[in-house]
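Student: Right, I'll just put the structure down here and ask away after.
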Amino acid sequence: MEPTPELSPHHAYPDHWEADVVLRDGGTARIRPITTDDAERLVSFYEQVSDESKYYRFFAPYPRLSDRDVHRFTHHDYVDRVGLAVTIGGEFIGTVRFDRINEQGRPASAPADEAEVAFLVQDAHQGRGVASALLEHIAAVARERGIRRFAAEVLPANNKMIKVFRDAGYTQQRSFEDGSVHLTLDLEPTEKSLAVQRGREQRAEARSVQRLLAPGSVAVIGTGRTPGGVGRTVLRNLLAAGFTGRTYAVNRAFDEGLATLDGVPAHRSLGEIDEQVDLAVIAVPAHRVPEAVADCGEHGVQGLVVLSAGYAERGSAGRELQRELVRQARSYGMRIIGPNAFGIINTAESVRLNASLAPESPARGRIGLFTQSGAIGIALLSGLHRRGAGLSSFISAGNRADVSGNDFLQYSFEDPDTDVALLYLESLGNPRKFTRLARRTAAVKPVVVVKGARHSGTNPPGHAVPVSRIPDATVSALMRQAGVIRVDTVTEMVDAGLLLAGQPLPAGPRVAILGNSESLGLLTYDACLAEGLRPRPPRDLTTAASPQDFRDALAEALADGTCDAVIVTAIPWVGENGEAETGDGEVLAAALRGAAAGGPAKPVAVVHVEIGGLAEALAAASSTAAPRTRPTTLAGRPAAAPGAPTGAAPATATAPTGPGTEAPAETAGTTETTEPAETTEPAATEAADPPARPGRIPAYPAAERAVRAMAEAVKYAQWRRQAATPGKVPEFLDETTDEPGAAALIDTLLGTAPDPRGRPLTHDEARELLGRYGIPVRPTLPAPDPEAAVAAAARLGYPVALKTTAPHLRHRADLGGVRLDLTDEDALRRAYAEVTELLGKPAELLPVVQSMAPRGVDTVVRASIDAAAGAVLSFGLAGAPSELLGDTAHRLVPATDRDAAELIRSIKAAPVLFGWRGSAPVDTPALEELLLRLSRLVDDHPEVVSVALEPVVVAPQGLTVLGATVRLAPPPPRGDLGPRRLPNY
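In the numbering used here, the protein residues as written are -11 to 973.
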């Protein structure tokens, strides 16, 4: 919304402050600056506020706003006086404002860095987290305008508003003066405030998905009058699944006399329904969707599933239609799945929702499934059904214009009915947030991801999100760092999901193999070695083995303390007449289930060849897992994270204006119910582990598939064990880094008007900046001619190296541009003449002289900022082989001591660092320290968008950085550190 007041360009309307947010109950609202056009909205809003809330706002009865008040509260300069409003349906439901003040509490301008703050929330919307969201956004605005502290005066009885400030996690001071409580809030974000913000975000977004998946009533808009068609199909599927809520068919073309359709009430519009509808499934042509959305919004619908196509998948015009659809729905407080969606499913007995085009609702199970493709969704549902697996929930998001995989992770983290989350993703709207949420979710339950469109460099049609430029291998490494099980195909995703949902996690990589086929056992053995497992020699039970023999052998393997998992291989029995007998698969399944149930809790997988009924019988087994401790709960479900408060109270506060103003004393007042005090993100000390006892035993038609799934379970279990004791940043970095000095140097180098494209640093500039973080770079001296080279060598001391630094020759020793171990002047002059004769004139080669470093292993350390993924730290060995083979490891910044140790050990050539083939091991602790220092530099200073240290020679004692390139640029936006907001694609 653009303002009409006469504002100078410096005080232009700050549209970047506009944001859509998810409130505590899962509904959405819009936060935006207040303008002079809002006078009528403000008056209407104030009239709907109770006298008690007004009293807390102004310290006195104040029934109505005067014209002077309205003018003051709607005219802002967006620098010293700022007001924000929360709107739903275009109307105010809450406001906040700040006024900059000086040390005496009077109105002031910069450089004064304190402001009075005041809140007011409409009584009908109190308890929804409105004030908490406003505080996050007004604090961010204040920091942007150079304000560092908020002040408020609160009546002693108004402990509810005190709680709003206290629970925000900011550093605060309180004192009692002149009959009121004086609050001062330091606006610098803290670990606690960030954790509180993310905890609130998690609960709100999880609740928003829960509202979609567990509605009390559903209306299908666009239900056809005759059988067939999308709308009629969804209605049929809803009824066939036995949805426990109320169902309505809606179509404006229905005859006025039509009362029911397929046994449910039929209506021409939502306005004809005499009760609120929670979820609307929209199945009308795209040009009629806005009308349907408006009808839903005006009648209180909470969420939408838009099956209609014709949006971003059709090009730029459709993309704009899609953005307008999202804006329209959010303006009414609704979230959207779609457009171009396949639908949603919830198999919980209390819901039984199939609002999708899937003709058959899957069985109940412990797997949650999210997909961005309808076709892939169909394939996954079919594959899971064939293998007897059930689902807890299913979302096919289509173009994913609003509800995304991140929202599904928020929901899955809390959902007590989900043990494993499977996601098929074609784009990552917010990779930083995805890795953060995936890491937290993976700490309590497995997250398995297939990433489509990995190599195209663009997003699929319909996915209007930032494009990441980092290679897919890097994306995979970063996902695994976050605990995500990244697989390549949907088949592998189903394979891993079945094992993780039905079996306990393995304690290690030791695998026992047993079965009635020596050949199949050897194939399994080879596959285990290829996947990095430690298989025991296969045990051949011979083709004459009976189901009882299988049971005994499995029981023995499970009881063996030297194995962590078991893979059973089975082929049809050979009868006395020499013909193969498929046998009774149910008998063998019962034998295997019996052994698994009676032995120690270890994962079991079965590889079978043409044994009829075996897979089905194994899948039909009921889980014997004990009840699990859940990390947190969704609304209405018992149990909370340890230490999480279960109650909340309304809150208001007061902040009088400075002396000399004629306006009534303002307060930070609202009677909103505050959220539970949170000091950390939701977490579980007792995680929802996969089954403690074996339940459904997964069966696979090929050894490679079973082994690959088991290998993923082994790696995930190892990550879980390590994540239980996370790494940390060593304290020595605080003592040996000069963050203020580096910040001042960066400001100087960028200048007052930096080029948005950034600038590379010279060698000396890079040395100085890196030196501030304890990263010494060996100096080089220019050698434009032989005499300068000799003088440089005399200054540095022999032996020296002669190197060309022209961009096309940098780090290309193979082209002859690097000469090492030059021990005297004659050797240096000969090398100079050879290089210039071979490669060109000195002015083209830009030669330099550098003192020799101790011998060691040449490595490369890099850090870079990807617009979508964030800061990434990379490591590998120097040289063409590593580049050709892509042997580079990656970790997200900030890196911990554990990340650094894993980083250097995760490349394929890592043995070279640890004494391979009798060589001396190098100083890996020094290398880990270098990685941590570089990580800290780019984390502290986002202006450092690229660093390459090449080569870094790691010797048996110490290391030497021989070359460094650094690029600075204005810092990219960090939406993951700002106040909560929904993405706008």
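For every residue, glycine included, the Cβ atom is placed at its ideal position computed from N, Cα and C. If you're wondering where the values come from, they're calculated on a predicted model, not measured in any experiment.
1. If I follow the unbroken beta strand (DSSP E) through Y704, where does it start and stop?
2. For a test of the three-state rule: what should DSSP assign to D25, helix, strand or coil?
3. Please report the straight-line C-alpha distance between Y1 and D87, rounded to a whole angstrom.
4. Could you tell me the distance, in whole angstroms, from the CA atom of K42 to the CA atom of H929?
5. Can you tell me whether H287 is helix, strand or coil according to DSSP?
6. Here's the rule I'm using: 16 or more other beta-carbon atoms within 10 Å means buried, otherwise exposed. How should D26 be labelled?
7. Buried or exposed for S338, please, with buried defined as at least 16 other CB atoms from any protein chain shown within 10 angstroms of its CB.
8. Assign Y1045 to one of three DSSP states: helix, strand, or coil.
9. Any chance you could list the alpha helix (DSSP H) runs of at least 4 consecutive residues sitting entirely within the segment 769 to 851, in chain order?
10. Can you give me the Cβ contacts of P770 inside the same chain, cut-off strictly under 6 Å, excluding the 5 residues immediately before and after it?
11. Kindly indicate the opening and closing residues of the beta strand (DSSP E) around N342.
12. Since E102 and A139 should fall inside the 8 Å C-beta cutoff, what is the C-beta to C-beta distance between them, to a whole number of angstroms?
13. Using the beta-carbon count (16 or more within 10 Å), is F720 buried or exposed?
14. Give me the Cα-Cα distance between K791 and R807, rounded to the nearest whole angstrom.
15. Classify E402: buried if its beta carbon has 16 or more other beta carbons within 10 angstroms, exposed otherwise.
16. Between which two residues does the alpha helix (DSSP H) holding V432 run?
17. For D460, does the three-state DSSP call read helix, strand or coil?
18. Check the C-beta distance from I261 over to I209 and give it rounded, since I have them as a contact under 8 Å.
19. Pull the bridge partners of S934 from the DSSP assignment, please.
20. List the residues that DSSP assigns as beta-bridge partners of W904.
21. Starting from the Cα of P99, find the closest Cα among V105, G946, F107 and N90 and give me that residue.
22. Of all the options G828, V860, P842 and A112, which has the alpha carbon lying nearest to the alpha carbon of Y786?
23. What distance in whole Å lies between the Cβ atoms of A515 and E700, which are believed to be in contact at a cut-off of 8 Å?
24. Taking the beta carbon of R818 as the centre, do at least 16 other beta carbons fall within 10 Å, making it buried, or is it exposed?
25. Taking buried to mean at least 16 other C-beta atoms within 10 Å of its own C-beta, is F902 buried or exposed?
26. Could you tell me if F47 is buried or exposed, where buried requires 16 or more neighbouring beta carbons within 10 angstroms of its beta carbon?
27. Do you know whose CA, among A297, L411, S534 and G587, lies nearest L546's CA?
28. Starting from the Cα of E598, find the closest Cα among D155, P764, W561 and R886 and give me that residue.
29. Compare the beta carbon distance of G490 and R708 with 7 Å and say whether it is the shorter of the two.
30. Do L201 and S381 come within 7 Å of each other at the CB atom, strictly closer than that value?
31. How should L872 be labelled, buried or exposed, when 16 other C-beta atoms within 10 angstroms of its C-beta is the threshold for buried?
32. Can you tell me the Cβ-Cβ gap for A192 and R45, rounded? I've got them flagged as a contact below 8 Å.
33. Hey, A385 and Q360 are a contact pair by Cβ (cut 8 Å); roughly how many whole angstroms apart?
34. With DSSP as the reference, label V218 as helix, strand or coil.
35. Please report the straight-line C-alpha distance between D174 and S464, rounded to a whole angstrom.
36. Can you list, in chain order, the residues of its chain whose CB lies under 8 Å from that of L970, leaving out five sequence neighbours each side?
Tutor: The short version:
1. Here Y704 belongs to no beta strand (DSSP E); instead the alpha helix (DSSP H) covers A691 to A711.
2. helix
3. 17 Å
4. 45 Å
5. coil
6. buried
7. exposed
8. Outside the displayed span of the chain (-11 to 973) sits residue 1045, for which this structure offers no information.
9. 774 to 784, 813 to 827 and 830 to 833
10. V836
11. L341 to S344
12. 6 Å
13. exposed
14. 6 Å
15. buried
16. Here V432 belongs to no alpha helix (DSSP H), and DSSP marks it neither H nor E.
17. helix
18. I261 to I209, Cβ: 11 Å. No contact.
19. S852 and R955
20. Beta-bridge pairing links W904 to no other residue.
21. N90
22. P842
23. Incorrect: roughly 13 Å between the Cβ atoms, too far for contact.
24. exposed
25. exposed
26. buried
27. G587
28. W561
29. no
30. yes
31. exposed
32. Incorrect: roughly 25 Å between the Cβ atoms, too far for contact.
33. 5 Å
34. helix
35. 39 Å
36. A7, D8, V9, V10, T16, R318 and D390
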